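Working notes, structure below.
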Amino acid sequence: MALSRALRCCQRIFSWIPVIIISSVVLWSYYAYVFELCFVTLSNHLERVVYLLIFHVCFIMFCWTYWKAIFTPPSAPSKKFHLSYTDKERYEMEERPDVQKQILIDIAKKLPIFTRAQSGAIRFCDRCQVIKPDRCHHCSVCETCVLKMDHHCPWVNNCVGFSNYKFFLLFLSYSMIYCVFIASTVFQYFLKFWVGDLPNGPAKFHVLFLLFVALMFFVSLMFLFGYHCWLVAKNRSTLEAFSAPVFQNGPDRNGFNVGLSRNLQQVFGENKKLWFIPVFTSQGDGHYFPLRTLRESENPLLASEEKWLEDGGSDEESSDENGPSVIIRTES
């Protein structure tokens, strides 16, 4: 028991190494750009002021989004999806798999669940003892079920899911802007140092490496950001891109794709003024999502909506001020 706790403690400590590496590189880039480039290398005062002003805007937005991506805890399913004491006892006492499967089906009838496991059974997490909402998956690193889980990212030491997916996307975008600005403003001084127009000194080393590091990070971020833009446009998570969600009619990679505009609104919200600000504006509460092939008249959730709300709905209300807490409107 003590050994297991020690291993978990070591795992938590080592999991912060990627974050420490990124933070160290960013802090060095701040010193190299502000002091070695702007105050030591630049001689034009107007150019120095403009560079410092734009740089600090990019730096603040980068740090803000990175902080939100790291320290926004992943959202877990509400108590409505947990088995009651009676259901849990009945499920654990039952040894026949078919009967256990039927018990979960009976419980899930009261919940807005449309996806199934590959076998066609209700998706159930034995570790968390919870019926998984659509797009919810268990993270073995965080040791919890995460709503609309995309992936576990070691560079933010956190699960990227419903609660912080917008922050993760903004982190990638502002990281690219940060790298592009540094590379574009440093390039002319890189050339001057390279051909010997500027004297050798500590600033030369910092300026040369600033360009290489900025370009290296930009290239890697560009592919990752492009991939996630494609995922948002298709309304898929990384897990769903590799393994299509299974519905009652079978697997469908586009099951949650309701059009580009509505796909963007699910992640960023309806208020476009807040799209590029790292505040939570995603629609819904992460427990259920509109389906592409399900009309309102065919949606079985509509028939039980009043019952669902009378029972208390979900324990957490939606953080989206512009939309209702229950999003069930869909289009074919």
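Those letters in the sequence shown? Residues 816 to 1147, by my numbering.
Every residue, glycine too, gets a C-beta built ideally from N, C-alpha and C.
The model shown is predicted, which means the values in this text are computed figures rather than measured ones.
* Exposed or buried, which one is residue 994 when buried takes at least 16 other CB atoms within 10 Å? -> What you label residue 994 is simply residue 179 of the sequence shown in a count that begins at 1. Label assigned to residue 994: buried.
* For residue 966, which residues does DSSP report across the bridge? -> By 1-based counting over the sequence shown, the position of residue 966 is 151. Partner(s): 975.
* For residue 837, the residue or residues it bridges with in DSSP -> Here residue 837 is taken as the residue at index 22 of the sequence shown, counted from 1. Beta-bridge pairing links residue 837 to no other residue.
* To do: Could you tell me whether the region 1058-1075 touches the region 929-939, where touching means 3 or more Cβ pairs closer than 8 Å?
  => yes
* Proximal residues to residue 897 (C-beta, below 6 Å), its chain only, five neighbours per side dropped -> Here residue 897 refers to the residue found at position 82 of the sequence shown. 945.
* Can you check whether the CB of residue 1040 is closer than 8 Å to the CB of residue 1022? -> The residue you call residue 1022 lines up with position 207 of the sequence shown. The residue you call residue 1040 lines up with position 225 of the sequence shown. No, they are not a contact pair.
* From 986, 1071, 1094, 822, residue whose alpha carbon lies closest to that of residue 1106 -> In the sequence shown, residue 1106 corresponds to position 291, counting from 1. With distances taken between Cα atoms, residue 1106 lies closest to 1071.
* Asked: Looking at the structure shown, is residue 819 part of a helix, part of a strand, or coil, going by DSSP?
  -> Taking the first residue of the sequence shown as position 1, residue 819 is located at position 4. Reduced to three states, the DSSP call for residue 819 is helix.
* To do: Using only alpha-carbon positions, find the residue among 984, 893, 938 that is nearest to residue 1053.
  => Taking the first residue of the sequence shown as 1, we reach residue 1053 at position 238. Checked all of 984, 893, 938; the closest Cα to residue 1053 is 984.
* Can you tell me where the beta strand (DSSP E) with residue 1047 in it begins and where it stops? -> The residue labelled residue 1047 in the question sits at position 232 within the sequence shown. Residue 1047 -> not in any beta strand (DSSP E); alpha helix (DSSP H) instead, spanning 1017-1049.
* **C-alpha distance - residue 1093 paired with residue 831, whole-angstrom precision** => Within the sequence shown, residue 1093 is the residue found at index 278, counting from 1. Within the sequence shown, residue 831 is the residue found at index 16, counting from 1. Those two C-alpha atoms are separated by around 22 Å.
* Asked: Under a three-way DSSP split, which group does residue 990 fall into?
  -> In the sequence shown, residue 990 corresponds to position 175, counting from 1. If DSSP states are grouped into helix, strand and coil, residue 990 belongs with the helices.
* Asked: Can you give the beta carbon distance from residue 938 to residue 924, rounded, assuming they're within the 8 Å contact cut?
  -> On the sequence shown, position 123 is the one that residue 938 refers to. On the sequence shown, position 109 is the one that residue 924 refers to. Not a contact, Cβ separation roughly 14 Å.
* **Integer-rounded CB distance, given that residue 890 should sit under 8 Å from residue 962** => Numbered from 1 along the sequence shown, position 147 holds the residue referred to as residue 962. Numbered from 1 along the sequence shown, position 75 holds the residue referred to as residue 890. Indeed, because the Cβ distance is near 4 Å, the residues count as touching under 8 Å.
* To do: List the residues that DSSP assigns as beta-bridge partners of residue 960.
  => Residue mapping note: residue 960 aligns to position 145 of the sequence shown, counting from 1. BP columns for residue 960 point to 953.
* Closest Cα partner of residue 997 within the set 873, 1091, 837 -> Residue 997 sits at position 182 when you count from the first residue of the sequence shown. Answer by Cα proximity: 873.
* To do: Using 10 angstroms around the beta-carbon of residue 1101, count the other beta-carbons present and answer buried if the total reaches 16, otherwise exposed.
  => Indexing the sequence shown from 1 puts residue 1101 at position 286. The residue is buried, with at least 16 neighbouring Cβ atoms inside 10 Å.
* Within 8 Å, strictly: CB atoms of residue 973 and residue 885 -> By 1-based counting over the sequence shown, the position of residue 973 is 158. By 1-based counting over the sequence shown, the position of residue 885 is 70. Yes, they are a contact pair.
* Asked: Helix, strand or coil: how does DSSP classify residue 911 here?
  -> Against the sequence shown, residue 911 aligns to sequence position 96. Of the three classes helix, strand and coil, the one that applies to residue 911 here is coil, per DSSP.
* Asked: Name the DSSP bridge partner or partners of residue 897?
  -> Sequence index remark: in the sequence shown, residue 897 carries index 82 (1-based). In DSSP, residue 897 forms a bridge with 945.
* Under a three-way DSSP split, which group does residue 931 fall into? -> Translated into positions along the sequence shown, residue 931 becomes position 116. Here residue 931 sits in strand by DSSP.
* Per-residue DSSP class, three states only, for residue 870 -> Numbered from its first residue, the sequence shown carries residue 870 at position 55. Here residue 870 sits in helix by DSSP.
* **Length of the line joining the Cα atoms of residue 917 and residue 907** => The count along the sequence shown starts at 1 and reaches residue 917 at position 102. The count along the sequence shown starts at 1 and reaches residue 907 at position 92. Each residue's alpha carbon lies about 13 Å from the other.
* In the structure shown, what three-state DSSP assignment does residue 1073 receive? -> Here residue 1073 refers to the residue found at position 258 of the sequence shown. Coil, per DSSP.
* **Counted within 10 angstroms of its Cβ, other Cβ atoms place residue 1099 as buried (16 or more) or exposed** => Counted from its first residue, the sequence shown places residue 1099 at position 284. Looking at its Cβ environment, which holds 16 or more other Cβ atoms inside 10 Å, residue 1099 is buried.
* To do: Identify, in the order they occur along the chain, each residue of the same chain with its Cβ nearer than 6 Å to the Cβ of residue 988, setting aside the five sequence neighbours on each side.
  => By one-based count along the sequence shown, residue 988 stands at place 173. Contacts found: none.
* Asked: Ordered along the chain, which non-local residues of its own chain (more than five positions away) have a Cβ less than 6 Å from that of residue 975?
  -> Here residue 975 refers to the residue found at position 160 when the sequence shown is read from its first residue. Once the five neighbours on either side are set aside, the close Cβ partners of residue 975 are 965, 966, 968, 983.
* Measure the alpha-carbon distance for residue 882 versus residue 844 and round it to whole angstroms. => Working through the sequence shown from its first residue, we reach residue 882 at position 67. Working through the sequence shown from its first residue, we reach residue 844 at position 29. Whole-angstrom Cα-Cα distance: 17 Å.
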